[in-house]
Structure formats: structure tokens, C-alpha cells
Amino acid sequence: WSFFFQLGTRGTQSFHTFGSRRHYNDYRIDSLLSTTLSAHVEDSAQPIRLNKVFKATHSRREADRLIKEGRITVNDKTSFGCMVVPYKDVVKLDGNTIEGWEKMNTSRLIQDFDLVQEEPFEYIKYNKPRGVICTTDRRIKNNIMDDVTRRRGYRPDHRVYPVGRLDKDSSGLILITSDGQLPNASLRRNKKQPKVYRVRVNRPLLNSDLEILQSGIVITTVAQRDGKSKPLTAKTKPCSLKQISPATCEITLTEGRNRQIRKMMSALGYEVLDLHRLSFGMVGIDDIEKPGDWKRLSKQELQWIDSILRD
36 WSFFFQLGTR GTQSFHTFGS RRHYNDYRID SLLSTTLSAH VEDSAQPIRL
86 NKVFKATHSR READRLIKEG RITVNDKTSF GCMVVPYKDV VKLDGNTIEG
136 WEKMNTSRLI QDFDLVQEEP FEYIKYNKPR GVICTTDRRI KNNIMDDVTR
186 RRGYRPDHRV YPVGRLDKDS SGLILITSDG QLPNASLRRN KKQPKVYRVR
236 VNRPLLNSDL EILQSGIVIT TVAQRDGKSK PLTAKTKPCS LKQISPATCE
286 ITLTEGRNRQ IRKMMSALGY EVLDLHRLSF GMVGIDDIEK PGDWKRLSKQ
336 ELQWIDSILR D
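For what it's worth, my numbering labels the leading residue of the sequence shown as 36, then goes sequentially.
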């Protein structure tokens, strides 16, 4: 480690620490040190549980199910649960090699000058156009991954996927990331982050209806439980609402039931003509106003991401 320390102190370090992750600003490190560290990571990688290979794309329960079904092989042998070593073992799902899981499960450490550099995650915000479907299944026409990578020029270094979803007929902000922790940290139960939508309906909104929408209204939606779709009939949680024009309002939700706003409006006899997400937590869409545009998150937005991951 003294060798690494000597190399590291030759450059200047200017970086910001966000929880357990490091986001670097004007940080440069000697290329020899970087190359040497990469080799060290591969040589000293520790075994991990097999289900962690899929943490970027599947929940732990879903990964365990794939393993139980015998769809996973390690070094071309079916495995029903074992430890695997990054950069040494080859893991396949249904015969297809899983790429990038090693980087998601290793970190780099230079203890002598207190620097921890974890493999960077990717975070972008994307203004989803109407007609684009929030699925990573590239067999489905107009899927979001083809749109943002093939049509819009985003070239991710890791496997990425959308955080949450917007239905096909809705537009607006979607976060896309390689960070497997973000969906759980921002969408589950008491950690759900507020989302703001602009909604235009087919006729002027009555004041009495606005009050009902704010206090909650009983709707039936489809909920996913243990991989199965089940109807859920319940009152929506109170939400904040601001009227923009006679037939347009902004609604802030902290829950995310399937097609919730459309169901709420339909229960009161309105038809939604346009539904556009403006923000998700502290991430807004003001700087990517054109449908299909995307942009990497700013320093302030990354700080917000880290804050919810640490909570």
C-alpha cells in the first residue's frame, strides 16, 4: 500500500463524499495507479452470494426464484445457490452471459490516504415522449431502452433501467440508472418520493371535485403481490393540488398506484387528455423540455439521490 500512497499523493484530490459513494469533481489520478488498482481488484475480489449478481436488474426475491427454477448456471453448470467470485466465475441466465455484475459488487480501496473509489453508477433523467413504453424488454416495440439509447444517443457503460414507470400515453420525467438500490430507496412503502404531474382534462374542473381529489377518492387499481396481479380497491392518500387553468392542474402524489391519476379523474367523470410528470423528488424536468431529451444528473441532484439511499 505504501507504493499506492506514493503514486496517489502525486496528484491533487478534490472530491465530494456523498454517504458511502464518491462523486468526483476535477479529480485526477495517475493512470499507472488506476491500472494497478484494477488488477488488484480482480486478484482480490471476494466471493458473493449468487443472487447478488442480479441486483441491478432483479429484486432479491426474483433472483432467488430464478435460481430455484434452475435457470442459472455458474461456469456452465446449473447452480441452485452458491458463492461466486467476481472476474473469475461466469454466470449465465437461460444461457445468456450476465455482463457487468462484477463492477456492481466490487470497490477499490486505498487505505493510506483514506480514499474509497467505488465503481460509478450512472444516473440520467429522460423526458419520455408519449407512445414510449417503460420496459427493458427490447422485444417490445417502442420500448424505453431502445428509444433512449438508439434514437437519443445515450451510451451507457453499464446495464441501466428505468426507476418506476409512466404508462404509454403519459409523458415526462423518468430516471434511468445502473444503481440497483435506487428503486427500493425511492419507491417502496414509506420511502416513496413525491412526484408532480401536470394534468389536462376534457372539461373545466369543479372546485368541489378538486377538494375530493385532494382528500382522497376510492378507486380500483391493479397491484403486484408476489409476482401476481391483484385488484386493489381503496381510497387514495391525500395529495396536494394546484389549479393552473380551468381544465388543467398540478397534482403531487406520494403513492404510485397503477394509472392512479387517470382512475381518480375517471371516478369523477373526467377524461385525461394529457398527463405529464414534472418532477420526481428533487429532480425536475425544466432543463430537458423537449420530448426525448436526456441529461446526466447535476451535483445537487446526485446529493439528493445519496441522501435517500442513506436514509
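Ideal placement from N, C-alpha and C gives every residue a C-beta, glycine not left out.
Since the model is a prediction, treat every value here as computed from it, not as a measurement.
Item                                                                                                                                                        : Value
Note down, in chain order, each residue of its chain lying with its Cβ closer than 6 Å to the Cβ of Asn86, except the 5 sequence neighbours on either side. : Arg95, Ala98, Asp99
When the Cβ atoms of the region 313-324 are set against those of the region 262-269, are three or more pairs found closer than 8 Å?                         : no
Provide the residue span of the beta strand (DSSP E) that contains Leu2, from first to last.                                                                : The chain is shown from 36 up to 346; residue 2 falls before or after that span and cannot be answered.
For Ile209, write down the residues that DSSP places opposite it in a beta bridge.                                                                          : Tyr161
Contact defined as beta carbons within less than 8 Å: I believe Lys31 pairs with Gly251. What is the distance between those atoms, to the nearest angstrom? : Lying before the first or after the last residue shown, residue 31 is absent from the chain, which here runs from 36 to 346.
Express the C-alpha separation of Arg187 and Leu128 in angstroms, rounding to a whole number.                                                               : 29 Å
By Cβ distance below 7 Å, which residues in the same chain neighbour Asp192 in space, the five residues on each side in sequence not counted?               : Glu157
Reducing DSSP to helix, strand and coil, say where Thr184 ends up.                                                                                          : helix
Could you tell me the alpha carbon to alpha carbon distance between Tyr161 and Gly199, rounded to whole angstroms?                                          : 13 Å
Identify the continuous alpha helix (DSSP H) that holds Arg345 and give its terminal residues.                                                              : 334-345
DSSP has Lys138 in a bridge; who is on the other side?                                                                                                      : Answer is none; Lys138 lacks a bridge partner.
For Gln295, which three-state DSSP category applies?                                                                                                        : helix
Can you check whether the C-beta of Pro82 is within less than 8 Å of a C-beta belonging to chain C?                                                         : In the displayed structure, chain C is absent; only one protein chain is listed.
Please classify Leu332 as buried or exposed, where buried requires at least 16 other C-beta atoms within 10 Å of its C-beta.                                : buried
If you follow the beta strand (DSSP E) that Leu128 is in, where does it begin and where does it stop?                                                       : 126-128
Classify Leu101 as helix, strand or coil using the three-state DSSP reduction.                                                                              : helix
Just the Cα atoms here: how many angstroms apart are Pro326 and Cys169?                                                                                     : 15 Å
Considering only their Cβ atoms, is the gap separating Leu313 from Leu208 smaller than 8 Å?                                                                 : yes
Starting from Ser250, trace the alpha helix (DSSP H) both ways and give me its first and last residue.                                                      : 242-250
What residues in its chain sit with their C-beta under 8 Å from that of Gly105, if we drop five residues either side in the sequence?                       : Thr113, Phe115
Between the alpha carbons of Thr212 and Met180, how many angstroms are there, rounded?                                                                      : 11 Å
Go through its chain and collect everything with a Cβ distance to Ala258's Cβ below 6 Å, but skip five positions before and after it.                       : Lys265, Leu267
Who does Asn110 pair with in a DSSP beta bridge?                                                                                                            : In DSSP, Asn110 forms no bridge with anything.
Would Met118 be called buried (16 or more neighbouring beta carbons within 10 Å of its own) or exposed?                                                     : exposed
With three or more beta-carbon pairs closer than 8 Å as the criterion, would you say the region 301-309 touches the region 232-242?                         : yes
Buried or exposed, going by whether 16 or more other CB atoms sit within 10 Å of the CB of Ser367?                                                          : Because the chain in this structure spans residues 36 to 346, residue 367 falls outside the shown range and cannot be described.
Cα-Cα, which of Thr283, Gly316, His311 is closest to Glu290?                                                                                                : Gly316
Taking only the alpha-carbon atoms, compute the straight-line gap between Thr283 and Thr92 and give it to the nearest angstrom.                             : 37 Å
If you run the structure through DSSP and keep just helix, strand and coil, what is Arg96?                                                                  : helix
By a C-beta neighbour count over all protein chains shown, 10 Å radius and 16 as the cutoff for buried, is Val183 buried or exposed?                        : buried
Quick check on Val88: does DSSP put it in helix, strand or coil?                                                                                            : helix
If you drop the 5 nearest sequence neighbours on each side, which residues of the same chain put their C-beta closer than 8 Å to that of Val167?            : Asn177, Asn178, Ile179, Asp182, Lys203
How big is the Cα-Cα spacing for Leu201 and Asp172?                                                                                                         : 15 Å
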